[in-house]
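The opening position of the sequence shown corresponds to residue 556 in this note's numbering, with each subsequent residue numbered one higher.
Each residue gets a CB set at the ideal place from its N, CA and C atoms; glycine is no exception.
To start, the structure under review is shown below, and the notes come after it.
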Amino acid sequence: MAIRHPNGRWTVERLPNGDWHPEEIKSAVRKRGSTLYDLSRDAGLPEHACRSALRGPNFEGEFAIAEFLSLSPREIWPSRFRSDGGRIPQVRHRTKARPTPSAGHRQNASAS
Numbered sequence: 556m557a558i559r560h561p562n563g564r565w566t567v568e569r570l571p572n573g574d575w576h577p578e579e580i581k582s583a584v585r586k587r588g589s590t591l592y593d594l595s596r597d598a599g600l601p602e603h604a605c606r607s608a609l610r611g612p613n614f615e616g617e618f619a620i621a622e623f624l625s626l627s628p629r630e631i632w633p634s635r636f637r638s639d640g641g642r643i644p645q646v647r648h649r650t651k652a653r654p655t656p657s658a659g660h661r662q663n664a665s666a667s
């Protein structure tokens, strides 16, 4: 469970890559009196932005969570940053192109 010490430091369970466990992040946010939904809304982000940051890189969501916890995103998600402090670019994998629908499912180009 996320524990905040009087000096402002947190004691949390970390994943093997050094990141905070997602449940620790949610616990810390709840202990400070808010929810991920509220953080997203208050930051003017889509409601899922902070939840998405728990599962993968989401710059705005990460920043909203870190700012609320008075930390830097690098302290919560060190695996998402290079040793010089810069972010590791997010690699977006191409999704398979959807196959062309069969003739029975195509809409006519012109009405009959």
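Own chain, CB closer than 7 Å to residue 636, minus 5 neighbours either side, in chain order: 629, 642 and 643
Using a Cβ-Cβ cut-off of 6 Å (strictly less than) and excluding sequence neighbours within five positions of residue 587, which residues of its own chain qualify? none
Cα-Cα separation between residue 582 and residue 590, rounded to whole angstroms: Rounded to the nearest angstrom, the two C-alpha atoms are 9 Å apart.
Starting from residue 633, trace the alpha helix (DSSP H) both ways and give me its first and last residue. Premise fails: residue 633 is in no alpha helix (DSSP H) and is neither H nor E.
Of the listed residues 572, 580, 571 and 566, nearest to residue 618 (C-alpha basis): 580
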